Structure formats: C-alpha cells, structure tokens
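Residue numbers (UniProt numbering): 1 to 336.
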C-alpha cells in the first residue's frame with residue numbers, strides 16, 4: 001500500500017486501483033464495464049436482487065449452492081471452477097480462485113506469470129456470466145469446455161481485429177480509447193431537431209447529473225434540460241438515464257423528427273446491440289418503447305468537444321444540494 005493511503009479511515013482493502021485499472025483492460029468496452037460492475041458490486045446476482053427487495057430464490061441455479069454472490073457465480077460455482085481449470089490461466093488452492101472477487105481480479109490483472117497467456121480472461125468472465133443467464137432465463141446448460149471455447153474464440157477474433165486496425169492506422173491512435181476520441185462532423189443543413197445528451201456521475205456525489213441541449217432546423221430558440229437524479233449505479237447508467245429523459249422531453253414537446261448525439265460510445269453500442277447488455281435490459285425495453293414515438297430517430301457518436309453544452313448542464317446540475325428539474329429555452333447562468 002502506498003504511504004498516502006495508510007492514514008485513510010476505512011476498513012477493508014482499497015479497491016480504487018482495481019476500479020481504475022478495469023477501464024484499461026484490453027477488451028471490448030461492454031466487458032470493461034462489466035468488470036467495473038463486479039468491483040462495485042453492481043452485478044444482478046440473487047444476493048443483490050434480494051437486497052433491493054426483489055423476491056427471488058437466493059440459491060445458485062447452476063450448482064445448487066445456498067447463496068449466489070458475484071464471486072460465487074464467476075469464480076467458485078462448480079461450472080466456473082471447471083472453466084478456469086481448463087483455461088491457460090494457472091489455478092492453485094488459496095491463490096486463484098479464492099473467496100474474494102477483489103483478490104481474484106487483482107490476480108488476473110497483475111499476478112499471473114508472464115509465461116502464461118492470460119489475455120482471454122475478460123472474455124472468460126463474460127462468457128461465464130452469459131452461461132449463468134442462459135441457465136436462469138432459458139434453462140440451457142452449456143458445457144464448461146464449450147463456454148471456454150467460445151470465450152477464447154471471441155478473444156482471438158477481437159485481438160486480431162485490433163492488430164488489423166492498428167496496421168491501418170499506422171499506430172497513430174490508441175486502440176483502446178479510439179472510439180472515445182473519434183470526431184463527428186455535423187452538417188450545417190438538417191431537418192427536424194438535434195438533441196445533444198450527456199450524463200455525469202461521480203461516486204462520491206449524492207446525485208447523478210443529466211443534461212440535454214436541443215436545436216431546431218426551423219430557427220426556433222434552442223431548448224435545454226438539466227436534472228439531478230439519485231446517483232445511479234455507474235457512469236454508463238447515468239448516460240442511459242440522460243438519453244431516456246431527453247427522449248421523453250422530446251416526446252412531450254411533440255418533436256417527432258429528432259437526431260440524438262452523445263459522446264458515450266458504449267451508449268451507442270448498447271442501443272445497437274441490446275442483447276449484448278443484459279444488465280441494462282429494463283432501460284433498453286423503455287428505450288425501445290419510447291423510440292417508437294418518433295417518426296425519425298437516430299443516435300450518433302460525437303466528440304466530447306462537440307457536446308460541451310450538454311456536458312456543462314449535466315456536470316453543474318449534479319452539484320446542486322436539492323433535487324432539480326429544469327427545462328426551458330432561457331439559459332441559466334448557474335448551469336453554464
């Protein structure tokens with residue numbers, strides 16, 4: 001532990017380095033986000049669902065254990081243990097896997113000897129979770145060897161694609177963060193409305209911030225919205241909530257032809273491939289229902305520089321001490 005951490009007043013391990021590194025793991029953004037959810041305890045296993053007042057069996061559907069925790073599901077359930085044992089990642093009693101998901105991810109991040117190829121571990125985690133969901137929702141039992149084969153195949157395909165992309169770009173763009181810095185050129189002429197949306201989330205804050213800024217092709221004054229909501233589970237949850245609220249505001253204003261813009265690449269991927277984001281299924285059902293209210297709808301990725309107004313609205317409203325919902329065409333100084 002670093003010296004600066006020794007005087008912190010808390011009990012238990014400092015998991016901030018793990019959470020920070022989860023966004024640097026070489027894998028698709030949806031899997032990086034899932035790893036972050038593991039570390040923050042936001043995975044919807046039955047233990048967490050019951051804590052939130054949802055009536056469900058608390059046992060593990062795959063192995064019959066009395067309680068389904070995050071660590072049990074991904075590392076200690078019998079099928080999960082078989083998958084890890086079959087993988088190229090060495091296992092040893094008391095070292096990996098253990099009874100702590102923090103210790104297990106610490107091991108996967110930094111402790112595996114270099115002579116072992118551990119690059120597929122994010123996909124192994126992801127496919128263990130998918131196999132769990134298939135058992136619960138479709139009553140499908142997938143053989144551990146098949147789960148591992150699918151995970152390693154997906155890992156190899158993604159890694160090969162990154163090499164090809166790197167060669168095309170001559171190494172000029174950081175591959176992991178490429179989708180976050182892509183610029184999007186907006187044409188001056190357009191029809192209908194443009195709505196820029198953003199969410200702002202900070203773990204220490206009471207509220208998440210959501211903001212949107214809408215312009216019209218017919219010369220109407222821009223309208224804007226800002227609201228602080230009870231802090232959601234993650235930054236991506238805040239982005240989804242911002243989009244859904246903006247959509248509802250557009251529907252309420254009878255704006256039927258709307259192009260939405262966001263600087264969150266994961267949000268665009270989520271609405272394009274909803275089945276790949278099971279943790280957001282409730283949000284995505286709401287999204288699909290609201291989307292049908294528009295005669296013309298699109299969601300496009302823009303750079304953060306092009307989304308500064310919505311970003312300012314979301315960033316500033318989150319710091320207000322009381323709940324606020326603001327929708328108007330008159331800018332407020334405190335919001336910018």
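Built from N, CA and C at the ideal position, the CB exists for glycine as well. Treat the numbers as computed from the prediction; the structure is a model and nothing was measured.
Check, Outcome
"Here's the rule I'm using: 16 or more other beta-carbon atoms within 10 Å means buried, otherwise exposed. How should residue 18 be labelled?", "buried"
"Taking the beta carbon of residue 247 as the centre, do at least 16 other beta carbons fall within 10 Å, making it buried, or is it exposed?", "buried"
"Touch check for the region 132 to 150 and the region 67 to 85: three-plus C-beta pairs under 8 angstroms?", "yes"
"Could you pull the start and end residues of the alpha helix (DSSP H) that residue 227 belongs to?", "Here residue 227 belongs to no alpha helix (DSSP H); instead the beta strand (DSSP E) covers 223 to 230."
"How far does the beta strand (DSSP E) with residue 265 in it extend, from its first residue to its last?", "Unbroken run through residue 265 is the alpha helix (DSSP H), 265 to 272; no beta strand (DSSP E)."
"Considering only C-alpha positions, which residue in the set 25, 116, 329 and 310 is nearest to residue 125?", "25"
"Just verifying my parser: in three-state terms, what is the DSSP assignment at residue 208?", "strand"
"Taking only the alpha-carbon atoms, compute the straight-line gap between residue 238 and residue 273 and give it to the nearest angstrom.", "19 angstroms"
"Grouping DSSP H, G and I as helix and E and B as strand, with all else coil, what is residue 137?", "helix"
"Exposed or buried, what is residue 87 when buried is set at 16 or more other beta-carbons lying within 10 Å of its beta-carbon?", "buried"
"By DSSP, does residue 299 sit in helix, in strand, or in coil?", "strand"
"CA-CA distance, residue 240 and residue 37?", "15 angstroms"
"Determine the DSSP secondary structure at residue 188, reduced to helix, strand or coil.", "coil"
"Ignore the nearest five residues each way along the sequence and tell me which others in residue 90's own chain have a CB closer than 8 angstroms to its CB.", "96, 112, 113 and 116"
"Pick out whichever of 281, 193 and 289 has its Cα sitting closest to the Cα of residue 259.", "193"
"Would you say residue 314 and residue 219 are within 8 angstroms of each other, going by their C-beta atoms?", "no"
"Where residue 100 and residue 75 are concerned, what is the direct C-alpha to C-alpha distance, given to the nearest angstrom?", "9 angstroms"
"Can you name the start and end residues of the alpha helix (DSSP H) that residue 316 belongs to?", "308 to 317"
"Using a threshold of 8 angstroms, state whether the C-beta atoms of residue 234 and residue 42 are closer than that.", "yes"
"Over the uninterrupted alpha helix (DSSP H) stretch that includes residue 252, give me the two end residues.", "235 to 252"
"Whole angstroms are fine: how far does the CA of residue 236 sit from the CA of residue 304?", "15 angstroms"
"So, helix, strand or coil for residue 98, using DSSP?", "coil"
"For residue 295 and residue 201, what's the separation of their Cα atoms in angstroms?", "31 angstroms"
"In three-state terms, what does DSSP make of residue 40?", "helix"
"Taking 8 angstroms as the cut-off, decide whether the C-beta atoms of residue 123 and residue 31 are in contact.", "yes"
"Under DSSP, the alpha helix (DSSP H) around residue 46 begins and ends at which residues?", "46 to 51"
"Using a Cβ-Cβ cutoff of less than 8 angstroms, which residues in the same chain neighbour residue 257 once the five nearest sequence positions on both sides are dropped?", "191, 192, 193, 294, 295 and 296"
"Using a Cβ-Cβ distance cut-off of 8 angstroms, determine whether residue 215 contacts chain B.", "Among the chains in the structure shown there is no chain B, since it carries only a single protein chain."
"Grab the span of the alpha helix (DSSP H) containing residue 285 for me, first residue to last.", "281 to 291"
"Which word fits residue 224, buried or exposed, when buried means at least 16 other C-beta atoms lie within 10 angstroms of its C-beta?", "buried"
"Return the first residue and the last residue of the alpha helix (DSSP H) that residue 81 is part of.", "78 to 86"
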